[in-house]
Structures are given as C-alpha cells and as structure tokens.
Amino acid sequence: MKNLRNYFASALITAAVLTSCNPLQLDEVQDPNNPSEASVSNNATPQQIQFLITGLESRHRGYVTNISQAWNTFGREIWYLNASDPRFQTDWLGQNGRVPDRAYFGFGTTGGGSWASPYQAIKQADVLITSAGNTNLIPETSKSAVRGFAKTIKGYQFMIPANFVYENGIRIDVANPLNPGPFVPYEQALDAIKGILDEGDADLVAAGTGNFPFALTRGFNGFNTYTGLRQVNRAITARLNAYRKDWQGVLTALSASFMDLNGDLNRGPSHPYGASPDIFNPLFYLPNAAVNTIIVVHPSVLRDTTAGDLRVKSKFLRRTTPVTVTTDAGALVGTHQDARWATNTTSIPFIRNEELILLKAEAHANLNQTTQAVEAINIIRNAAKIGPYTGATTQAALITEILYQRRYSLWAEPWGHRWIDTRRYGRQNEIPTNFDGGAIFKQFPHPQAELSWDLYKGN
Amino acid sequence: MFKLYKTILTLAFLWGSVGWAFAQYTVSGTVVDERTGEALIGSSILLKGTTTGTITDLDGRFSINLPTNDPATLIFSSIGFLTQSVDVAPGVSILNIRLRQDATNLEEVVVTGLATSVKRSNLANAVTSVSARDLTGTTTIQTTDGALYGKVPGATIRSNGGAPGGGISIQLRGISSLSGASQPLIIVDGVYISNASQRTGRATVSGAGASNQDDGSNRLADINPADIETIEILKGPSAAAIYGTRANAGVIIITTKRGQEGKTTVSLSQDVGFAQPLRLLGVDNWSEAKINFFFPESRRPIELERFRAAQSSGTFIDYEDYFYNNQATLLNTRINVSGGTEKTKFFVSGNITDEEGTVKNTGFNRYSIRANIDHKITDRIKIGVSSNYIRSNTDRGFTGNQNNSGASIGYSIAYVPNYYDLRKKDDGTYPVNPYFSENPVAVTDNGVNNTLVNRFIQAFTLDIDLLKTENSFLKAQFSGGLDYLQNTSMVYLPEFLQFQRAQANPGDVLKGKQESFNTNFQAALVYNWNLGSVNMNSSAGLVRLDFADNALFNRGRGLVPGQRNLQQAAIQEINQEFNSRIQDAGIFLQQEANWEDKIIGTLGIRWDKSTLNGDPQQYYAFPRASVAFNIANFDFWNVGFMNQLKPRIAYGETAGPVNFGATFTPLGGTNIGGLLGSVVSTQIGNTLILPETAKELEFGVDAGFFNNRLSLEATYYIKSTQNNIQNLNLAPSTGVNTTPSNEAELENRGIELSLSGTPIETANFRWFSRVMFWKNELLMTRLGIPTYIAGAFGTGLGTFLYAEGYSPTTIVGAPAVAGNPGGFTFWGNAQPKFNMSFFNSIRMMKGLELSFLVDWKKGGDNINLTSFLNDGGGTTKGWFDDDNGDGIPNGRQRPPAPFNNAGRWVQDASFVKIREIGLYYTLPKTTISEWFGSSVSNIRVGTSVNNAFLFTKYEGYDPETSTFGAQAIANNVDIAPYPTPRRMFFHLTVDF
C-alpha cells in the first residue's frame, strides 16, 4: 500500500509540474532587436516617418566610399593604394589583362556600393513614400513634402547604377522586390530619372512654402526649406540633363537651382559624418600617416597641373614619405594624399555650386554660346587664381578646357566625374594608363545577382 | 564448442531432474581476467531473463541465490570485458569465470534513445564510441574536439590554427547545411551545451571583417577532456533521429566520469611539457639584384642602403622564426577523488591547465571543478547531479586576416624583408615598419586579445522505478540541466602603435560581454517487458529546450595613454547589441525489440516544433527504424573462426534549425548627423521558412573473428538533405538582396571502415591495432535557385560554386569561363578523397605501454592565401629563383600561366600526421608497496607527443587550417594562421 501511495504522489507531482508550466508551450516570436518593416506600413506616426527620412539620408550616403575609391581609380583621378589587398590595385586598374566581370572585386555579385547601395536608398525612399501615403497622422502638405524629398534623392541615386553599367541599362521599375521591371537602355533610364526629379520638384511646390516639416541633418543646412530642397532638386536635374545632352534643359534647371555665379563655390548639400554612433568621413586620412592603405593623387593629375592653381594647393598634400605598394603587377608610389578634409567628421558635399557653374559653361559651350561659356569658365579659373581663359573658343577647345577644369574643380568627388566625363565625350583614351600599365574600363556588366534573378524567374 | 554446450545442457537437465526438491540453490565463485589472472572487482552477474543479480567483491568473488531449482543461465559481465553466459543448475555450486578483454568493445553500452541504451554487439548503427583511454590515454590535448582527430571515422575535423585554447570544427559525414557551420549537437551528461564560436572582436579591430575571422575558440574548449569517461558520436540521422530538430549534423554525447562503489581513490596527475611549431616554412633572403627587381626606382636607394647596413652588421632577421619559433611551457594538473557507498557515489575533479602558446603573450588557462554525485534516495529512486564550473582565460594574439591595421603577425611579416630590423629599440620604442602599416613586434608585445569565460554547467537526473516485477520494469526518468556561459572579451591596441598613431583617434579597445543561458528538460517513461522470447523496451517522453543569448560590444577609440577603460576614450561606441531567445519542444516514442540477441529492431519517432520555424506551432515528425541480425547467435551458425556477424540497416530523419531572425523583416537602426533613423533591411524575412531536414539510410556489417581477436565494422550511408536553407539572392536593384529559401538539397554518400584487433596477446605482450578508413562524397542534388558563387575572398582568389550536380566544396575562380556553371574556371575541391587513421597500442613487460596514432588525409584542396601574401611581399622562400629562366622570378610566376588566375593559390592539402605518440610505464605494485607502503596504490609515468610529425607537400604551416573558423563551406582558407604547435609532455600520475 505504501508503494501505491508513492506512485500516486509522484504521478501527482509530475502532473502538477506539467500543467503549471507546460513544457510543450512555446512563446510568441518577436524580434527582440528591431522594429519590423510592417510597423510603418500603416498609420505610421510622425516620429516613425521622421526615422524613415533620417534613414533615407543614411542610405543616401551608402555609395560614397565605393564610388570615391573605385570610380575615381577608373578615371585615374586617384589610386587607392591598399597593401592589405592588392586587388584594389591589380583588379581596379585592369592590370595584367583583368576585365570587369559580374562578380568583380570590390563589387561582388550585387554590385555593392555602385549598384546595391544606391538601390537600397531608392527602396528606402519608396518605403518612406508609401508609409507617408498610408498614414492619417501627418497632413497632406507633409506627405507632399516627403514625396518631394524622397524623389529628389531617388533621382540622384538612380544615376549611380545608370553610370556604372552605362550602355547595359538599369531597372527603373523596382517597386516590387519579387517582380522587378526590365532593364531599360541608358538614355531611356535617364529620361525616367528626369521624370522622377520633375515629380519631386512638383511635390515640393505642392507642399507650399516655409520649412521642410521634418528634421534633416546639417548636410541640408541652408536647404531645409521647400525652396532650398527645390534648388537641390534642380541642381541634380542639371547634372542629369548634361548626361542627357539636353543643354537647354541644363540651363533651365540651373536657373532654378542654388547656382550662384558670385557665391561660394563650395556651397551645396552634403553627407554629414561624425563620431560614433555616426560614422567617420571615409575619405579622411591623417596627414603623413605611416599607413599603406590610402587614397593618393594620381600622378597624371599632378603632372597636368597649371602653375599657381589654388585647387592643387588646397586639395593635394605632398607626403613626407611616399606610400609604396607592391603587387604581382609591380609597384605603385603615391606622393600626394587628399587634403580636402580637415577632420574625420567633415561633411562630404554631393553637389556644389562649382559644379553648377561648370555645367553652365558646358551647356553654353555645347549650345555654341561661346561668350557665356567663357564667362563661366573664368569664374572657375579666377577662383583658382590661374587667370582668365585665353585659348581657342571653338566648341572642341572649350569642351577640352571645361573637362580640364572639371578634373581639378571636381577632383575625386564621390561621383567619378572624370570617368563619366571622358565617356560622355568619347575621350576615355585620354585617361593615362602608362603609370600603372592597366586598362580603362568603359562600363560594368550587370551584377551576377541580377542575372541570377532573371534566371530564377525564367526571364 | 557446440558439443560442450550440449554436454552442459544435458548435465543441467540431469541436475535439474535430480534436484527438483530444492526450493533454491546458490552459485558462487570468482571472476578473473583471462589474460592476467587478476580478479575483476565489480563484475556483474545477472540471472538471464530477470532483474536478479549481484556483483563481485574486492577479491572478484561472488555468490548468487537462484530463486528456483530450475536450470538457469548466468550472465557475467565487466566493463571492458566480453560477456560470458554460463548455464547452471542445482549442484553447480562453484564457478571460476575467466573473462576475456573486450578489445573490440562489443560489450560497451551505447546510447540509442533519449532514455535507453543498447550494448554495442546489438547495435544497428555505426555509432563511434571514444573512451577516456582513446581520448586522452596517449597524450594530453587541450580541448576535447582536438582529441578526436583520427578517432572517428566519418569526421572531418579542422582547426582554425594553432592558437592556444581551441577553435575546432567537426563535420560528421560531410555537410548537412549550407548556411550554418554544420556542427554536431553536443550533449554533456544530458545538458545541451553551447559550442558557439563566440565573437571576440579581433576581426573588427584588425579590420579583417566579420566575426567569423576572429579565430575565436568554440566553447567545447571549456570542458576538461580528462573528466570524460566516454564520447558517443551519432554521425547521422539514422542514429540521431530521436534527437530531432538539432541533429542534422550529428550528435556528440559526452558522459563524464562517475564514482564507483568502494574505497575512495585519490588520483593526482601532473603533465609538464613544452610546445614548438610543428612546421615553419622559412623566409627568403634578399640580394641587391632582388631589391632592384622588387622595388620601384624611387625606393631602391633606401632599400639598398638598408640592405648594405644589414650586411655589414650581419643583422638579418628570420621573422617567422622570431615570432613563431618560441618554446612554450605546458602545465596540467589534475586531481580526482572518487568513491562511494552502495547508496552514494561521487566523483570530484579539479583541473588546472596552464599552457603557453608559441607566440609571445599567448596562452590558455582553464580551471575546472567538477562534482558528479549519485545517490539512491530509496531503492527505487535515484538522483544524480553533475556540476561543473569552468573558468577559461585565453590569449590568442594577433594572427590571421587583417585589413590596413597590420594587427596580424603573419600578414605583416609577409611584407618585411629580413634586412630590416623591427625589434624594440633600446629606448623602448619600436621602429616604424616602412613595409606595412604596423610593427608586428609592437603588436605582439603590447596588443591584447583576451577572452575570459566563466561557465557553469549543471546536469541532473532523477530515476524512479515505478514498477519492478520478475521480468519487467517501468521507470520514469527526468533529466536536464543548464549551461550558463559568460564571456568577457577584450581586444586592445594601445595608442602608441604605428597604425594607431596614423589614425585620427589613436588607441582602440573593443570589449564584449556575451551571456548565454541554455536550459533543457526531458521526461521519459521506459517500460521493459517480454513478449514471449522477445525483450521489449518501450519509451515515451517529452523534451524542452530554451536558449537565451545576448551580446554587448563596446568600443573605445582615442584612448588616454595606457588606459583601457572605455570612459578613457574620445570616441565611445556601442559596437553591437544582439539578443536572441529560442524555444524548442518535442515528443518522442521509441520501441526496441530484442529477440534473444539474434534480431534486434528499433522503431522510433520524434515530433518537434521550434520558435525558429516559420510556423512555430507546427510539429515536424522525425521517424527512425533499424534492425540488426546477430547471425552468429543463431543455432545454425557454425563458422568457427567468425564469432560475430551482424548485418544491420538503419534509417532515420532529423532536422537542422533555421537561423534566428530568418522570419523577420526588420528596420535597422542608424545614426547620421545626430539624428536617429530607421533603414529598410536588405533581407526580407521568410515567414514560411521550414527547418532543414535530412534522411539517412545506413547499412553495414559488423564481424568478429577468432573469438573477437579481430573485428571489422563496415558501413555505407546515403544521407540526403532537403529544404536546405540558403539565401535566395533577389535582384539587388529592388533594394533588397536576400531572402532565406528552402530550395536546396544535398546528398552525402560515404563509407566507413574500421578494422581492429589484437594480433598478439600474451600475458606479457599485448598489441592492439586499429585501422580506420572513411570517405564522403557530397553533391548538390538540387539547388532550386540560380547557380551562384560565394565564400572566401571572391573569384580573384578562389571561391565556391553552388550549382546543381556539383559539390559546394568546389573551388572556382578567375578567369571567367562563360560556358561553366557559375561562369568561372574550376580549380579544385575542398573535399578529401579519403581519410585513414592507424592506431597502435603495445603493452609489454607488465606495465610498459607504447601507443601512437597516424592520420592520413588524401586529397582536398585549400585556398592558400598565406602563399599569396608572402609572394606579394617577396618573402616566400625561393621567391627570387627563376626556374624557367625568363628573367621573371618564381614569386611572380606561380603556375598556372598566365599567372593572374585564382588557381595559383589552390593547393592540394593532403598530409600524413603522426598525431599522437605516448610511452607510459606503470610501476609494479610490489615496487610501490616497497617504496610507499600502502599509502600509494599506483604510479604511472610517461612521455608523449601531440602533433609529432607532419608530412605534406602543402606550402603552409598546417593543411588543416581555417581562417573562417567553423563553417560548412570555405573552411579551408589559409591566411597567415597561428602555426600549429608540436607538444611534448612528461606525465606523472599517482593514485592514493
């Protein structure tokens, strides 16, 4: 009997344990680390919209490091010397017969900072537009303002993949991640970008006047009004129109931009950087640091300078010890480093008055408006203290002069201007390869992941 | 043989008919070792078909009362000896039993269910058991997994490198997962322990990249190998099905030592040893001609000047020798106290491992305390607890990959010519390294890469005999435990280092706190009964697992000189915070049937659900079935030389867990310009994600020859996995890059052979020998998504192909070949052609024992980027030789032509290693009692070597290295690893 009692007791205890905390019961699963994307899809609060806007500013600078290092290497504005990984030299310079493939070093299968990153900014803009559209917690004018800002950034970002793959074309219809649209040719893509920028401009007009209703970082200081953002939008449109060879369109856009022929050439919106939790300016290197990973000025840029050019003085620092990096393709020596950034928290402008004035010159030159072209050129030359232009005023000569000035005015900006400019004018053969024995890439193929997706979908 | 049986049977019947009037009778006698004649203490004597039994006393004597006067069979067994059945009948009163040593482990008990076990001779699976003797009997190895090399057919074991404190990956029967590390589940005394390779932060500070390049230890390193009694390795789903969701990559069941009834024994062991690099490659010498070739014109004058200065002073430094070729001291102290009474048994152990690394300022300290206690509360209720506290303190230094920071010895010295002196100057400063971004001498002297783990593992078991009859029993078994692991890590580079001085905020410290708390609980009912002559063992139960992990990493840059406190930093950064909670629950049923040890079958099923799955409420079923035929136990068997023949077949299904977070589509946090932002993730969660599942069919045969002098185990398996998780790459133009998918399927087929035996066995000389052979072939049978390449460092240096009809271990790379799947050239395959191991143990002259283990891997390529770096820096030995006489040195013309492709760094990593050698002498008992009287019972001295010799054509420190640590794929990349040490020991063990 005693035994029987024991069995019952143990059975009861077991039953009690099992029912009080059922070991087969699992808790509900929630991400303990992040909010979900779904949390902003319906009736997002103004604060959530604000987070998405700041997120867009963050995505907006995603391309800076890769483009600054790679595209400026392609255009031989710089060398990105990197002793830890010789491929920054051998592969990016096209040494020993290397040519870009679909998973090229520095870009991977997604195209990295030159493809995936700008498209992430575009995605962020789309999510922002949708969230703002699906909430009743912000007024219509704010929705319009958000659309205007988002589309302006989208327009800017779309130009990056377009220029990366150039004639291979890009996808414009990317709203549905599981059903993206087709690749459209370069010209058609640029026209579509024009449409996006124009819509953004119209949205900013529709939003009214006054200050942008959400906080923007100090990168937009001076531009965080509806008017200011429209000026940025038009500046970006001017750059785009130059790529579209719509020279009258360049001038029209410039007139509504923040271009100021008498103003600070450096004025313009920028990508802010800072100490943690922000990130540091990725282009900053301590002067004369004993490192062997550094952006150095390409020898051809140093060779071709005009005596007394202030830009050379302010942008290039001659190092006390040159940086030498040896690879299986030989050695490269960098004598000068980038001196543009005072500190590692200095903002990096993404479009400046100086470029707008040069665009003005270029548009006039292409429209054979020689006088206005030379006037604009001289603004740049005088600022650089190299005296007014005295050369020939044929269209070809002016274009040569403008491209030369762009080399120094826009040197190593996070856009790869030289690479794009020489391609625009069929002058890529002017990019010198004799310093490194490499080759000049015209463009990149679509990243492998794009091809794979089409294969997966059976396209 | 059979005649004898018949005679005994006849006699038995005779006795039976004569002695029927007796109500019961007693059989007594002794049990001794057949070879040595020594008494076997604690041997068990069981009346067949019942639960009645007894054990032998200190003199090997026993006495058993038989309840009836019928003839009966007594089963004599003792651990490490072959079981003998002896028929008895009234009148047979004295039995002197001589048991044979179980050289082939037929008698060992193998866990086959969550609450049941079976003896090896009845096993239907190829379960490898590694005993304490196999594990640590030859030499002392730092970590348990490191002691498994060459002992487990079907296992591919790789080490990150030679840094002290572990960092080892085990893959059983190929790989079962593409996304995880495909590492087996590890259970210690019933506790599901963490074997995570936790982040250390080194790769962040050194710039190498993600935490998989940290060269962190896997946390099995915390378990003291000397505490282990046995390790059972369930290599695939056919054996591991009852473990369900987490068993795809196999299960390693570790059982620690427990107390035995009898006199309390105190055992004290001390190892003293030293380590040196197993292999160094040498560095190249320089000449003026080489300098003129290597350096650009502008650099030549200064280089020539440095070279001439070194020549005149005779100061050439072999940096490989300087950094790596140091003698490290290895000290291990162990104390075990064990004993107990019939009611309470205990095993208490303490261990101090204090081992230096061969690189200055590196080392591994482990303090471990264990108490394993078993207590019978009543005759029917038994409780067991196993408590283990561990403190592991590891300094692993700076080796491996880096970017820009120079915080890697091997990476830095690849670029430093031997005529330049980097050593500390008399004024206490370090010369600037003009060849790379850092002076590795300064980093080695002053950098810190430390991991301190405090860990507590607690297991409990509670066994209740609910019912016990003459030939059946029902018991309830509750077991479980917890594993609490706290990891404090620090990576520190002081502000005065060259690279730090070149930064805006010199000085860098990254501190991590990681905590994991795993609990598991299991309840089972086991009912053992007889159905006619079939013994049935039925079990049912439930399992619950909880895993909680959190990590917080903080970084400080711009440090006050000499300070490591984060508040002394100009830039204070929360580097990472990550939390995860995982819950699994399961139910299992298992039925085993044993017909007179002739046919043994098992059926089982487990249902599991997990919060990791897309549907956390969905149960997934994992069935198993197996059967073994002990043909030699059938009456018709009359092949005299073959005493065991057991064909066996087993089938089972398991799963591999989904990665935490696979179902989420998060908004990430970001900060820019002082504002907080939310960014859309580049991953879309898959709320329909399924666990990875695997099916395995295994069949084989076990055979014993010449009375088990020789035994053969042969197994063939086909393991196919479904729903393998891999990222489906979305078109990146949609702003999202990946979503987890369940499309892929893999197949592993392989064979495992093990031949062991005692070719010579006399009273004074016993030679045990074992040869193992295994081979696995992996194939991607279905990819389901477009062919892709991933892993390592891209196509330029060799990467891996994920394509249907290929093994994902296939190495491809530049140049592009449009016609090939994946678009690149095929250069190699990481998968070995086969592995073999050869173990010998010779005991002679009463107490002398020599053993050694040889390990052979044939085939399997590595991506050797150490060669790539050394070639880049002109320091590879023979770099400036010019074999083809074309004026371009070999170092610039690594084949194949045209010397710009990825194939240059893909190298055959075949090798032969003399893994372990041990020579021990046990002092004769008579000598001990002469010297110490009765206070000392046993003294054993010995010497051993671990990683004694390496024979390979591979151009690296160790063909078994992985810069990415434990990974399913790309675990064969060699980047400036910590050289593997050769470890030599002297051992002394004294038992009191």
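These protein sequences, in sequence, are chains A and B.
Quick note on numbering that gives the first Met the number 0: the first sequence kicks off at 0 and runs consecutively.
Quick note on numbering that gives the first Met the number 0: the second sequence kicks off at 0 and runs consecutively.
Just so you know, even glycine gets a beta-carbon here, dropped at the ideal spot from N, CA and C.
Everything numeric in this text was worked out from a predicted model, so none of it was measured.
Query, Result
"CB of residue 733/B within 8 Å of CB of residue 122/A, strictly", "yes"
"Among 835/B, 41/B, 535/B, 490/B, nearest to residue 338/B - alpha-carbon criterion", "41/B"
"Cβ of residue 978/B within 8 Å of any chain A Cβ", "no"
"Check whether residue 888/B and residue 292/B have beta carbons under 8 Å apart", "yes"
"DSSP beta-bridge partners of residue 492/B", "507/B"
"Residue 961/B, DSSP secondary structure in three states", "coil"
"At least 3 beta-carbon pairs within less than 8 Å: the region 114-134 of chain A vs the region 39-58 of chain A", "yes"
"Reduced DSSP category for residue 21/B - H, G, I as helix; E, B as strand; rest coil", "Residue placement at residue 21/B is poorly supported in this model, since its pLDDT is 45, which falls under 50; the coordinates are not used for a value here."
"Under 7 Å by beta carbon: chain A residues contacting residue 580/B", "31"
"Own chain residues within Cβ distance below 6 Å of residue 623/B, not counting five before or after", "240, 603, 651"
"Segments assigned alpha helix (DSSP H), at least 4 residues, entirely inside the region 227-286 of chain B", "236-239"
"Integer Cβ distance of residue 210/B from residue 198/B, believed to fall under 8 Å", "4 Å"
"Inter-stretch contact at 8 Å, needing at least 3 Cβ pairs: the region 488-500 of chain B / the region 529-549 of chain B", "no"
"Nearest neighbour of residue 833/B, chosen from 773/B, 427/B, 678/B, 112/B [CA to CA]", "773/B"
"Where residue 150/B sits in the DSSP three-state scheme", "coil"
"Interface flag, residue 107/A vs chain B, CB-CB below 8 Å", "yes"
"Span separating the alpha-carbon of residue 301/A from that of residue 260/A", "28 Å"
"Residue 443/B CB to nearest heavy atom of the ligand SAM below 7 Å", "Annotation note on the ligand SAM: not contained in the displayed structure, which lists no ligands."
"Local conformation of residue 59/A per DSSP, three classes", "helix"
"Under the three-state DSSP convention, the category residue 263/A falls into", "coil"
"Beta carbon proximity, residue 81/B to chain A, threshold 8 Å", "no"
"Separation of residue 183/B from residue 479/B, as counted between CA atoms", "19 Å"
"Bounding residues of the alpha helix (DSSP H) (the contiguous stretch that carries residue 670/B)", "No alpha helix (DSSP H) holds residue 670/B; the beta strand (DSSP E) holding it covers 666-671."
"Cβ of residue 187/A within 8 Å of any chain B Cβ", "no"
"Residue 118/B versus residue 108/B - alpha carbon distance", "4 Å"
"Members of the region 56-71 of chain A that neighbour chain B once the beta carbon cut-off is set at 8 Å", "56, 57, 58, 60"
"Rounded distance between the beta-carbons of residue 392/A and residue 373/A, thought under 8 Å", "6 Å"
"C-beta contact flag for residue 626/B and residue 554/B at 8 Å", "no"
"Under 8 Å by beta carbon: chain B residues contacting residue 155/A", "In chain order: nothing, as chain B lies at least about 15 Å away."
"Distance between residue 323/B and residue 80/A (C-alpha atoms, nearest Å)", "29 Å"
"Touching by the beta-carbon criterion (3+ pairs, under 8 Å), the region 60-72 of chain A and the region 415-423 of chain B", "no"
"Endpoints, alpha helix (DSSP H) assigned at residue 363/A", "352-365"
"Stretch pair the region 254-265 of chain B + the region 327-344 of chain B: three plus CB contacts closer than 8 Å", "yes"
"CB contact check: residue 113/B to chain A, cutoff 8 Å", "no"
"Of the residues 750/B, 685/B, 755/B, 637/B, the one placed nearest residue 726/B, counting alpha carbons only", "685/B"
"Beta carbon of residue 664/B nearer than 8 Å to that of residue 36/A", "yes"
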